[in-house]
Structures are given as C-alpha cells and as structure tokens.
Amino acid sequence: MIRVLPPEVVGKIAAGEVVERPFSVVKELVENSIDAGATRIIVELEDGGRSLVRVTDDGRGMSVADLELAFVQHATSKLEDVGDLDAIVSLGFRGEALASIGAVSRARILSREANAIEGAEVRAEGGVVTEVRPAAAAQGTVIEIRDLFCNVPARRRFLKTPQGERQRCLEVLQKLALSHPDVGFRIEAGRTIDLPPRETLRRRIGRLFGRQTEARALAVQHERGGVGVDGLVVDPDGARRDRAQQHLFVNGRPIRDRSLSHAVEDAYREYLMGGRFPVVFLFITLDPAKVDVNVHPTKSEVRFVEGRLVYSAVRSAVIEALAQRTG
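Using the working numbering, you'd call the opening residue of the sequence shown number 173 and step up by one each time.
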C-alpha cells in the first residue's frame, strides 16, 4: 500500500540531501547572512560544530512572520515562481536549508528588523516549533543550531572527530570569506580568526593563506562573449601537490567543476611538472540565465548553457595572467 509520509519523515529525508555534516550548516547559515546584507558575521563552533553552530550577523533581520515560517519546507523570501530561477543572484534560494537543518537539531533564532521596536525568538526541536515570543535583540539575526543529528543517531555516528569537522567548516568559511571581502568575519573555533570588512581580495588572500601567497599572486581580468573572469592566480613557483587551493566562483557562488579545473591546469601546463597543481582564486561572471545553479541542494554544482565558451574564457584568462611573469 502506498502511503503519504508524515512531515517529520519528509523533513529528515530532505535533511539528508542538504545537511551532510556541520560544514553544511555553516555554509547555509552564513550564505543567509550574506544574502541579508550583513557587513559583519560572527561564526562560533563547539565540538567542531557537532554540539553548536552559532552565526550572528548585522543584516536586515527577520520579522515575526518570517520567523514563524523559518522551519517550513520551501518557505523562502528569494523566489516567488519558477521564472525567478533564471535570474538567481542570491546564494540561497531553495527554501530548504533552515527547515532541513531544524529537522535534525535543536534550533533557536533571535532576530530584529531595523525598523522594529523589539525582536522575536523562535525555538524548534526536530523541526517542530516549540516557542515563538517577543525578545530583546540587536538588529540582525542570531541562529543557534545545537546537537546536530540528535534525532538521527545513525547519521551522528558517522560524523568525524571534532578536529576533522572543524577543519571542513573552516574550509567552507574560507571560500565564503574569499568571495565576499567586503564582509567582515570573526570565526571562533578553538582559535579566533578576524577578517576586517572592506578588504581587497589580495589582502584577504594574504590573511587566509599567508603573505607569500599574496606576494606571488598575479591579477586576472578577462572578458569573452559575455563571460567575465577576474581574480588572482599564483605564480607557478607557489604550486601545490593537490588541488585543495583551486578556488572557483560563479556569480559569487563557490563551485566545484572538473571542466573548469582542467581549463586552469591546461593553462599552467607548460609551467608545472607532473604532480604539481596551481593555486587560483577565480571569479566567473555571466548572465544568470546562462547557468543553472539548481542542480543539487548544496548548490555547489552548476551547469553552463555555453560550457565551451566558459572553458575557453577561463583558460585564456589564466594564460594572459601567467604571461605577466615573463614580461
């Protein structure tokens, strides 16, 4: 017999796609803060994010009505109909993240809009709202996610050590900080990382990866057929033994793309020996209608309408930048 699944079961299944580990929570919450216009974001982790992820921002804040819908699947302020998918510029849009995170944790949101006299607080356990009340709050939003996978013990058992989860969270935060050097970040996860707002990309790279990487970086600026490629690529002398520092962004969104990684490595081919990989920070911009960012719930994979054009633009941009080192 076919049965309609209860909402709590649907929520847990959806959470399995959106929420892999604590880094997924960090990514979704910080993206929401950026979309809310925050200029300063504080991220706090306990136990590598397994016990607590807290994100505090000074963005636009949420109304009581927004808070009441925060843990409802597909409730979003960023899309109204399917046509909006062709013009997505915000980092989050699916209306799944908070609901999916809330379905497998104990969550609390405290928020106040700029023009509101007071704020409001909502609490939820396992996706079920337990309390909504007025509360004193600064403008912006604080979201606390405690005891991730508290009601899905099988998932919790597969979490890595606190150190391993912390490292993955920091990698996600690095990419978000790189793509938004105008936003200030404070990261408290065993040690404190402070990144001032309104930085240049070069200076932020220096803070995150060291002065030597900053000094070796070559500027990239290229446009072809409506595809812009900007950023910095590091002199071949700064190459690594892995691809961990190939940072690619499309319309401000961190992505993984084998084809574009190949374009970068092909441009470096004459400069690098086998087993060495380039360090790059590349920002690709193009018409949102020509890229599909709705491929996967994590939004880290994209599809291009004109993939060959984008590949060619990236390869040419890197070749031009590397030519600077030889005069």
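For each residue, glycine too, the CB sits at the ideal point set by N, CA and C.
As the structure is a computational prediction, the values presented were derived from the model and not from experiment.
Are the CB atoms of residue i and residue j nearer to each other than 7 Å?
i    : j    : result
E240 : V304 : yes
V439 : I491 : Rather than Val, the amino acid found at residue 439 in this sequence is Ala. In this structure, I491 lies closer than 7 Å to A439 by Cβ.
E285 : A307 : no
I214 : R358 : yes
A489 : H394 : yes
A337 : R222 : Before going further, note that residue 337 is Glu rather than Ala in the sequence given. It is a contact, given that the beta carbons lie within the stated cut-off.
I315 : V227 : yes
V405 : L390 : yes
V410 : R441 : Here residue 410 turns out to be Gly, not Val, going by the sequence shown. Their beta carbons are not under 7 Å apart, which means G410 does not touch R441 by this criterion.
G220 : P368 : no
G403 : L350 : no
G397 : E386 : no
For residue i, count neighbouring C-beta atoms within 10 Å of its own C-beta (all shown protein chains included) and say buried if the count is 16 or more, exposed if not.
i    : result
A296 : buried
V418 : First, the amino acid is wrong: residue 418 is Gln here, not Val. Under this definition Q418 is a buried residue.
I289 : exposed
M234 : buried
R266 : Unreliable positioning characterises R266 in this predicted model, as indicated by a pLDDT of 39, which lies under 50. A coordinate reading is not provided.
Q496 : exposed
A493 : buried
T364 : exposed
S272 : buried
P450 : buried
P426 : buried
G291 : buried
R193 : buried
N287 : exposed
A461 : exposed
G446 : exposed
R280 : buried
G362 : exposed
V463 : buried
R376 : buried
V300 : exposed
By Cβ distance, which residues of its chain are closer than 6 Å to residue i, with the 5 residues on each side in sequence left out?
i    : result
R328 : F321
L348 : V202
R428 : S472
L432 : L420 and V486
F195 : R340, C341 and V344
R212 : D230 and G356
R216 : The sequence given here places Glu at residue 216; Arg does not occur at that position. These residues qualify, in order along the chain: R226 and E360.
V236 : A292
A208 : G231 and R232
K199 : V344
E437 : none
Using DSSP's beta-bridge definition, name the partner residues of residue i.
i    : result
D366 : R358
D229 : I213 and T313
G434 : Sequence check: residue 434 is His here, not Gly. Answer by DSSP bridge pairing: none, since H434 is not bridged.
L420 : I427 and L454
Q393 : D402
P306 : A292
D464 : R475
I281 : V294 and I315
V300 : E297
F449 : R412
L224 : E218 and R318
Return yes when at least one heavy atom of the ligand SAM lies under 6 Å from the C-beta of residue i, else no.
i    : result
S433 : The model depicted lacks the ligand SAM and carries no ligand whatsoever.
Kindly list the residues whose CB is nearer than 8 Å to the CB of residue i, restricted to its own chain and excluding five residues on each side of it in sequence; keep chain order.
i    : result
A210 : D229, D230, G231, G312 and V355
Excluding sequence positions up to five away, which residues of its chain have a Cβ less than 7 Å from the Cβ of residue i?
i    : result
A310 : R284
E399 : A quick correction: the sequence has Val, not Glu, at residue 399. Counting only Cβ-Cβ distances below 7 Å, and skipping sequence neighbours, we find I456, L458, L481, V482 and A485.
L270 : A242 and F243
T302 : R295 and A296
G382 : none
Q346 : L380
S277 : I317, R318, D319, L320 and C322
D366 : R358
V422 : I456, V463 and V474
D414 : F449
E218 : L224
Y443 : P408 and L494
Exercise. So does the segment 365-374 actually touch the segment 472-485, counting three or more Cβ pairs closer than 8 Å?
Worked result: Below 8 Å, too few C-beta pairs join the segment 365-374 and the segment 472-485 to call them touching: fewer than three.
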